[in-house]
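Note that my numbering gives residue 106 to position 125 of the sequence shown, counting from 1, and the numbers run on in steps of one. We treat Cβ as the ideally placed atom computed from N, Cα and C, and that holds for glycine. Please read the structure below before turning to the comments.
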Amino acid sequence: MKEVSLVTFEHTLSFVRFLKARKNQKMPYGLTVVSTLENGFLLLFACGSQVMYHCRKAIHVRERDRTMTRLLEHFDFYIMPVINVDGYEYTWSHPSNRLWRKSRSSHGNSKCIGTDMNRNFDAHWCGPGASHSECQEIYCGPYPESEPEVKAVARFVRDHKDTIKAYITMHSYSQLVLFPYSYTMNKSKDHEELESLAQKAAKAIKRTTWKTYRPGAGAQTICKYDFTAMKGKTVYPC
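Below, the structure written as structure tokens:
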């Protein structure tokens, strides 16, 4: 019988800490948070296949791409392959509910399960485009950061806010490159810079895949809700 060596989570953490200790502690890093809506396919360690593809490309392309080599040499990339692990597992254990988007938490005496993690962050919490009703797909939760997964991400970002240079999330639907804001039509203070980056990203995607992605601020593109004007009273969450 072939012997199989297992690596525990503690061993993995120790190895990551060992690598970090050998690097320049002043080095800035980018943070990538992915699969927030859990509708992507996952591979080893419940990692989104799309994310694993990007990681694999980044590792191997550095041998012939100087830009990627420079990025990997000067930045740390922290990757969260999937946040809503319970919600994603539910989509596989209950195939008839493959498009489940919320968490699997239970609050109060409601018979409805889950909170929309996208709307649970403590940033303009439960404003337009969110709901206080537990049974809605866009339920924002009983209070900001009520979900432990959201609290963990928020805490990580707050703890490293002085060194984070980029924060990227990957959505599982629509061919869009979105940037702030989504809660208001007002432009962010760095709107022009973000718009330029989004346009460049869309062009790069087009150049390499022939797929057309539309860049724009979230509110101006898809996420500004007017519930009184919804067609057929159907909500399409972003």
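Contact set for Pro196: own chain, Cβ-Cβ below 6 Å, skip 5 residues either direction: Val158, Ala179, Gln180, Ala183
Reduced DSSP category for Thr80 - H, G, I as helix; E, B as strand; rest coil: Rather than Thr, the amino acid found at residue 80 in this sequence is Leu. In this structure, Leu80 counts as coil in the three-state DSSP scheme.
Supposed close pair Tyr251, Ala198 - CB separation, criterion 8 Å: The shown model of the chain, from -18 to 219, leaves out residue 251, and the question about it has no answer.
Cβ-based burial, Asn78 [other Cβ within 10 Å; buried from 16]: exposed
With 16 other Cβ atoms within 10 Å as the buried cut-off, status of Thr190: exposed
The segment 94 to 107 contacting the segment 118 to 126, beta-carbon criterion three pairs below 8 Å: yes
Separation of Ser86 from Glu173, as counted between CA atoms: 39 Å
Where Ala104 falls: helix, strand or coil (DSSP): coil
Whole runs of the alpha helix (DSSP H) within the segment 126 to 151, excluding any shorter than 4 residues: 129 to 140
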